[in-house]
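Numbering that gives the first Met the number 0 numbers the first residue of the sequence shown as 0 and each following residue consecutively.
The beta-carbon is built from N, C-alpha and C at its ideal position, and this holds for glycine as well.
Remember, predicted model here, so these are calculated numbers, not experimental data.
Here is the structure we will look at.
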Amino acid sequence: MCGIAGYSVDADSRVNRTLAAQALLAGIAERGADAVGYAHRGPTAAVTIHKQRTGATALLDEIELPVDTTDALVHVRDYTKGHPTLLANNHPIRHGSVVGIHNGVIANDEEIFARHALEHAEPGMTVDSEAIFALVERRGADRSALEELQGTMASAWLDERTPRGLYLARGVARPLWIGRARRELFFASTKSALEVVEGTLRLTLRKREVPEGTLFHIAGGSIIAEKRFRPDPSYRNRTTVQPVATPHEGVSCLAKLATLAA
């Protein structure tokens with residue numbers, strides 16, 4: 000169980016970009032502590048990535064996003080495949096022009112790399128999540144590409160070939176929520192993480208769960224395109240609800256966030 004979160008905001012949004020990322024991170028911190036990371040971009044297409052092999056608490060007060068940030072991704076990892084000692088296995092993952100985060104397990108990642116004659120972005124990478132972003136790099140945000148994936152998925156990515164916005168996709172068996180304000184759209188693995196954002200930023204969000212088999216293109220705080228795809232249903236009932244992986248990270252992050260917000 001990992002945690003994903005992020006936002007897309009209009010350039011005129013008054014939201015504090017750094018505090019927004021910190022609130023999202025604190026909201027998902029309990030979902031993993033094997034690694035933590037974030038990515039962001041502003042008016043240019045280039046994406047900046049920072050990740051480290053710690054829990055969220057060690058990163059929270061070091062996060063710093065430019066005031067003109069428009070898109071951000073946040074991730075905490077509870078790893079299943081791809082050991083976190085190799086930083087490239089940790090999220091956000093870059094494959095070519097695509098930078099993404101993922102919660103879930105891709106069961107046919109090695110088959111996808113072989114079928115399409117794909118190379119790993121860095122030597123030694125074994126993280127299964129890379130298959131998502133390798134397919135997107137090859138074929139774009141295409142519904143049929145997502146339908147090749149077998150396993151569980153909630154995912155988001157930035158594509159440097161697309162100058163605005165981010166993509167958000169939910170397959171099966173992993174939660175994903177969005178919360179919308181006037182000029183902002185936030186997403187997170189859980190509704191409670193969005194409630195942390197509301198309390199920290201003093202926003203009211205219109206929250207809803209993303210249906211399985213949904214692909215959004217989000218830019219400027221709005222959904223600008225929505226597509227449906229057919230995820231492999233065979234994995235929907237193979238997973239059981241697990242307790243949060245690292246509840247102590249959640250507690251310590253929320254305490255630290257309260258101090259930062261004050």
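Hey, could you find the ends of the alpha helix (DSSP H) Ser143 is sitting in?
Arg142 to Glu146 is the span of the alpha helix (DSSP H), which, as asked, contains Ser143.
Whole alpha helix (DSSP H) runs in the segment 93-144 with 4 or more residues, listed along the chain?
Complete alpha helix (DSSP H) runs here, min 4: 108-114 and 129-138.
What residue range is occupied by the uninterrupted alpha helix (DSSP H) comprising Thr199?
It spans Lys190 to Leu200 - the alpha helix (DSSP H) in which Thr199 sits, taken as one unbroken run.
Taking only beta-carbon atoms, is His119 less than 8 Å away from chain C?
Of the protein chains in the structure, only one exists, and it is not chain C.
With a threshold of 8 Å, are at least 3 pairs of Cβ atoms found where one atom belongs to the segment 226-238 and the other to the segment 160-171?
Judged by Cβ distances under 8 Å, the segment 226-238 makes contact with the segment 160-171, as three or more pairs qualify.
Quick check: the segment 244-259 against the segment 16-31, are there 3 or more CB pairs under 8 Å?
As far as the Cβ criterion goes, the segment 244-259 touches the segment 16-31, which means the pair count is three or higher.
Quick one: residues in its chain with C-beta nearer than 6 Å to the C-beta of Gly219, no 5 flanking neighbours on either side, listed in chain order?
Asp9, listed in sequence order.
Which one of His94, Met124 and Glu146 has the shortest CA to CA distance from Ile48?
The option with the nearest alpha carbon to Ile48 is His94.
What is the residue span of the alpha helix (DSSP H) that Ile62 lies within?
Here Ile62 belongs to no alpha helix (DSSP H), and DSSP marks it neither H nor E.
Could you say which of Leu86, Glu29, Ala153 and Arg179 lies nearest to Glu121 if we only look at CA atoms?
Comparing Cα positions, the closest option is Leu86.
If contact is defined by three or more beta carbon pairs under 8 Å, each pair taking one atom from either stretch, is the segment 157-169 in contact with the segment 198-205?
No, the segment 198-205 does not touch the segment 157-169.
Would you call the segment 51-59 and the segment 90-108 in contact, with 3 or more CB pairs under 8 Å?
Segments in contact, no.
From Leu18, Ala261, Ala244 and Tyr166, pick the residue whose C-alpha is nearest to that of Lys226; which is it?
With distances taken between Cα atoms, Lys226 lies closest to Tyr166.
Do the segment 106-119 and the segment 176-195 meet, that is, are 3 or more Cβ pairs less than 8 Å apart?
Judged by Cβ distances under 8 Å, the segment 106-119 makes no contact with the segment 176-195, as fewer than three pairs qualify.
Which partner residues does Gly31 have in the DSSP bridge list?
Per DSSP, none; premise fails for Gly31.
Pairing CB atoms from the segment 72-86 with CB atoms from the segment 118-134, are three or more of them under 8 Å?
Contact holds: three or more Cβ-Cβ distances are below 8 Å.
Can you check which of these residues, Tyr6, Phe112 and Arg142, is closest to Glu129 by C-alpha distance?
Looking at the Cα atoms, Phe112 is the closest of the given residues.
Answer yes or no: do Gly81 and Thr125 have a C-beta to C-beta separation smaller than 8 Å?
A contact, by the Cβ cut-off of 8 Å.
Helix, strand or coil for Leu259, going by three-state DSSP, please let me know.
DSSP places Leu259 in helix when its eight states are reduced to three.
On a CA-only basis, which of Thr69, Pro91 and Ala28 is nearest Gly36? Give me that one, please.
The candidate whose alpha carbon is nearest that of Gly36 is Pro91.
Across which residues does DSSP place Gly164 in a beta bridge pair?
Per DSSP, none; premise fails for Gly164.
Under three-state DSSP, which class holds His247?
DSSP places His247 in helix when its eight states are reduced to three.
Along the chain, where does the beta strand (DSSP E) that runs through Thr47 open and close?
Thr47 -> beta strand (DSSP E) spans Thr47 to Gln51.
With DSSP run on the structure shown, which of helix, strand or coil describes Gly150?
Reduced to three states, the DSSP call for Gly150 is strand.
Check whether the Cβ atoms of Val46 and Val14 sit closer than 8 Å, and answer yes or no.
Against a cut-off of 8 Å, the Cβ pair of Val14 and Val46 comes out as no contact.
Residues bridged to Ile222 by DSSP?
Answer is Ile217.
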